[in-house]
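*Asks:* Each residue of the sequence shown is one higher than the last, beginning at 1 in the numbering used here.
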Amino acid sequence: MNKVLTLHRRVRLFGWLGSLLLCAVLLVSCSTAGSTSTNAPGSGADATGKVEPVTLIVSAAASLKDSLEELTPQFEQEHQGVTVVYNYGASGSLQKQIEQGAPADIFLSAGQKQMNALIESGHIAAEQSFNLLKNSLVVIVPDDAKIIPDNLNGLASADIKTLALGEPEVVPAGMYAKESLEHEQLWDQLSAKMVFTKDVTQVLTYIESGNADAGLVYLSDAKSSQKVKTAFTVDDSYHQPIVYPAGIVSATKHKAEAEAFLQFLRETDAREIFVKHGFVLAE
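(1) Tell me the residue span of the alpha helix (DSSP H) that contains N116.
(2) Just curious, the beta strand (DSSP E) that G247 is in, first and last residue?
(3) With distance defined between alpha-carbon atoms, name the residue in P142, A177, S220 and V139 nearest to Y238.
(4) Pairs of beta-carbons, one from the segment 189-202 and one from the segment 155-173, closer than 8 Å: are there three or more?
(5) At the level of alpha carbons, what is the spacing between L163 and G89?
(6) Shortest alpha-carbon distance to E127 belongs to which of L181, G92, L118 and P103?
(7) Taking DSSP as the reference, what is the three-state secondary structure of V58?
(8) Taking all protein chains shown into account, do 16 or more other C-beta atoms lie within 10 angstroms of the C-beta of E283, making it buried, or fewer, making it exposed?
(9) Note down the Cα distance separating A40 from G101, rounded to an integer number of angstroms.
(10) Just grab the DSSP bridge partners of F130 for me.
(11) Can you give me the C-alpha to C-alpha distance between F264 and F274, rounded to a whole angstrom?
Below, the structure is given as structure tokens:
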């Protein structure tokens, strides 16, 4: 009888230990499975399954502002958790900022020179850049102007006392303006009339406010204002091709989101907005 009781206790003891061991194995298996599903590479989610918010910083030429502000809400709606923040300015100034370590994920330039400089310095990989848009250089005057020149030589008129243009060293539109005036041998002749600005937006402001009699800006800028008239379009052969290259900054920590944004800019809806604002598609 005592032997039977002892055997029974042993069976119960082994059964209890076996159950405990099985529970431990199941717990480890569940933990491993859960870890694999929530931390899969590229999932974009934290341990709770929530998408981590991303702020995408885009350094963009000032002349792109109206277009970008219009199309960005659609991108953010299609890419939940991604917020796009813009740093607008002259392309040359933005280039310098990126070279000096200013935070930026994407660079949208109004000139190839600035993009090339960042590619050469290693801040942007050549394979991560492409030409997005084209533009035209135009001469604008105030909406109520009585004298409207029809070519660059008309800027020499005594009625045009002040000519506004971007600083050629940092503002691509200013560089194209200088090339055009030099092509017609007018740069030195008109230099006493010139007022240089930090970007094309400031040129537009000068004309709108009547603080300049004429200015050189992009067609997209001229179309954005009801307070100016486009006097004429400068011949494309007078200056280098006006292209807007786009590129991903090598130091970005949000490469996937940056690639998604640039792909969005090449899609139909975005391209239609750019065209509406006076740009020409580069591709």
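Yeah, the Cβ is synthetic: ideal placement off N, Cα and C, and Gly gets one too. Nothing here was measured: the structure is a model prediction, and the numbers come from that model.
*Replies:* To lay it out plainly:
(1) Stepping through the sequence shown from its first residue, residue 116 is reached at position 116. Counting along the chain, the alpha helix (DSSP H) containing N116 begins and ends at Q112 to E120.
(2) Numbered from its first residue, the sequence shown carries residue 247 at position 247. G247 -> beta strand (DSSP E) spans V243 to V249.
(3) Taking the first residue of the sequence shown as position 1, residue 238 is located at position 238. Considering only alpha carbons, the answer is A177.
(4) yes
(5) Taking the first residue of the sequence shown as position 1, residue 163 is located at position 163. Taking the first residue of the sequence shown as position 1, residue 89 is located at position 89. C-alpha separation (whole angstroms): 21 Å.
(6) Residue 127 sits at position 127 when you count from the first residue of the sequence shown. If we check each option's Cα against that of E127, L118 comes out closest.
(7) Position 58 of the sequence shown, counting from 1, holds the residue named residue 58. Strand.
(8) In the sequence shown, counting from the first residue as 1, residue 283 sits at position 283. It is exposed - the Cβ of E283 has fewer than 16 other Cβ atoms within 10 Å.
(9) In the sequence shown, counting from the first residue as 1, residue 40 sits at position 40. In the sequence shown, counting from the first residue as 1, residue 101 sits at position 101. Residue confidence for A40 is low, a pLDDT of 29 falling below 50, so the modelled location carries little weight and cannot support an answer.
(10) Residue 130 sits at position 130 when you count from the first residue of the sequence shown. Paired residues: A246.
(11) Here the question's residue 264 lines up with position 264 in the sequence shown. Here the question's residue 274 lines up with position 274 in the sequence shown. Roughly 12 Å between the two C-alpha positions.
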